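Have a look at the structure below before the remarks.
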């Protein structure tokens, strides 16, 4: 054979190949996530936009609200996290991109050839995506609170994590945003298209849920509170002020509401899993 | 070892793979040959579990692909050069795949080196040419050092150097005892690379044999004879039953149905001088076109695709 004949790898090095495990799939998904520039852009935008609005909005009302108006508990927390809708939008999109981006590029075929049982790969991707959002949204909340605290006093508001409501709103926000990204993820997995997934999840969360809530028909009002973001937003809603995330009046207890949102995610994920098993990739 | 048994894939009413059965053995390069739409890519996709068969089975090493606990260590597949996120670097793409099987960074560097991608390993795959994409796909296929390789049109988009390189690589891999199945529509490439052929058309296996046999089986054994006494020789040969003679020129005959030694013997007995005696070599391309032309005729009679379109070579889907 000519000198062009290559020495195939195996002749030179021993290749150790291990069985595919969930742990290894997590490691793989983490490599995939961190190696895309879009990951860092999306998370940075969410953190910056989500954190910046709190201090700005608080400053804008400082001196505007008369001193004798009562500031209820939770008001400071709600103002500090005024950027939540922007973060919600970005993290939902991020969730969609995590899975639908693989279909758009063809990467999914490499992914499924490496993990032909499919479901573990999808779940590993979900875990990594949600974990990244959990970390980023925690950073966002921390920055928002830290940046808002100095100006809260000027608006006559306080934020005290020892108060149950304040703690629920501040600590619940990363959970809510992580669940929202998981919701986006399931729509990405269901539609297998970035454009369709983003349209569906943002249309639902930003338009449909609030839009239906605006229709004054009692039976509908009973139902819209159970839509995923309306329900989940209960966790980060000030009892006195309501929420910038959802304008639907709801009496669901906060954690029940969040549970309803997680149930939506679980249900949609189950459908996505069934479809992933059945559809040709 | 790849075993395909009664494999069928239907999309709605369209039958893309229609009861295919064949076996791909280790130690040789097996070419998977057929016109566009013959079901090659779909068969390969079913082999690695991307498509679900409507009926039948495809197994590698005795098991369905999905049943292997470390599939990348069993089968390396290059199905298309674009099975990669364009925003990720070549190295990161391979690192992510390697991580699923606990394959070390060292091996990733090895396959980058082997496929000539080391210098562009940091570049985003979206900026790659088709040829570089093929190399990256091949690097991914080799990652787990698998005993079985399934490659769909691997020479697509490669420059002549690349084609030569991949030909040597595949032959070397087969020589190590690996099972190599590659599809191509490039006949000359197949003739040079493959030892064994599985020829398919319209989702069915038309031929499954060594390359030489495929060539020989579809070709009537003809011999060309150059002689100044053409008329005499023709008369001598026509006495033999089953022999047909065509006069190609004043001193050139083409003889069907009579092997060269017998022609020579007949000429010697009759005192005819021979200037040349050569069996007509038919190319793989001839054989292939003849095989698939039959298929086309059969289909045309049934009122489907016109013959011309079946001969068009090109990419897949």
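Residue numbers (my numbering), protein chains in the order written: chain R, -8 to 272; chain Z, 32 to 348.
All C-beta atoms, glycine included, are put in the ideal place defined by N, C-alpha and C.
Here the structure is a predicted model, which means the values were calculated and not measured.
The beta carbon of residue 216 of chain R is closer than 7 Å to those of 222, 239, 241 and 243 in its chain, skipping five residues each way along the sequence. For residue 179 of chain R, the closest Cβ of chain Z is not nearer than 8 Å. For residue 228 of chain Z, the beta-bridge partners assigned by DSSP are Z:62 and Z:240.
Distance between residue 150 of chain R and residue 98 of chain R, taken at the CA atoms: about 46 Å. The three-state reading of DSSP puts residue 125 of chain R in helix, counting H, G and I together.
Spanning the alpha carbons of residue 234 of chain Z and residue 284 of chain Z requires a straight line of approximately 40 Å. The CB of residue 18 of chain R comes closer than 7 Å to the CB of 130 in chain Z, given here in chain order. Secondary structure at residue 217 of chain R: coil, using DSSP grouped into helix, strand and coil.
At a cut-off of 4 residues, the continuous stretches assigned as alpha helix (DSSP H) that sit fully inside the region -2 to 37 of chain R are 0 to 3 and 13 to 25. Judged by DSSP secondary structure, residue 87 of chain Z falls outside any alpha helix (DSSP H) and instead within the beta strand (DSSP E) spanning 86 to 91. The Cβ-Cβ distance between residue 45 of chain R and residue 72 of chain R falls below 8 Å. Under the Cβ distance rule, residue 191 of chain Z does not count among the residues neighbouring chain R, no pair being separated by less than 8 Å. Looking from the CA of residue 251 of chain R, the closest CA among R:224, R:264 and R:231 belongs to R:224.
Taken through DSSP and simplified to helix, strand or coil, residue 134 of chain Z comes out as coil. Nearest neighbour of residue 78 of chain Z by Cα position, chosen from R:120, R:191 and R:104, turns out to be R:104.
In the DSSP secondary-structure assignment, residue 42 of chain Z is bridged to Z:45. Those residues of the region 28 to 41 of chain R placed with their C-beta closer than 7 Å to a C-beta in chain Z are 28 and 29, ordered along the chain.
Secondary structure of residue 81 of chain R (DSSP, three-state): helix. Apart from the 5 residues on each side of it in sequence, residue 259 of chain Z sits with its Cβ closer than 8 Å to the Cβ of 282, 304 and 306 in its chain, given in chain order. Distance from residue 32 of chain Z to residue 60 of chain Z at the Cβ level is roughly 14 Å; contact not present, criterion being Cβ atoms closer than 8 Å.
No Cβ of chain Z is located within less than 8 Å of the beta carbon of residue 145 of chain R. Shortest Cα-Cα distance from residue 279 of chain Z to any of Z:57, Z:53, Z:256 and Z:179 involves Z:256. The three-state secondary structure of residue 107 of chain Z, taken from DSSP, is strand. When Cβ-Cβ separations below 8 Å define contact, residue 214 of chain Z makes no contact with chain R. Under a 10 Å Cβ-count criterion, residue 91 of chain R is classified as buried, with 16 or more other Cβ atoms of the shown protein chains found around its own Cβ. Excluding five sequence positions before and after residue 168 of chain R, the CB atoms of its chain that fall closer than 7 Å to its own CB belong to 78, 79, 82, 124 and 128, given in chain order. One thing to note: residue 176 of chain Z has its Cβ within 8 Å of the Cβ of residue 6 of chain R. Less than 8 Å divides the Cβ of residue 142 of chain R from the Cβ of residue 50 of chain R. Residue R:219 holds the alpha-carbon nearest to the alpha-carbon of residue 195 of chain R among R:219, R:181 and R:172. The region 168 to 175 of chain Z and the region 206 to 217 of chain Z do not touch, with fewer than three beta-carbon pairs separated by less than 8 Å. Boundaries around residue 279 of chain Z are those of the beta strand (DSSP E), 275 to 280, since no alpha helix (DSSP H) includes it. Under a 10 Å Cβ-count criterion, residue 93 of chain R is classified as buried, with 16 or more other Cβ atoms of the shown protein chains found around its own Cβ.
Taking C-alpha positions only, residue 237 of chain Z is separated from residue 84 of chain R by approximately 49 Å.
With contacts defined as CB atoms closer than 8 Å, residue 38 of chain R and residue 134 of chain R qualify as a contacting pair. With respect to the 8 Å criterion, residue 178 of chain R and residue 60 of chain R are not classified as neighbours on the basis of their beta carbons. Separation of the CB atoms of residue 46 of chain Z and residue 84 of chain Z is rounded to 12 Å, and the pair is thereby denied contact status at 8 Å.
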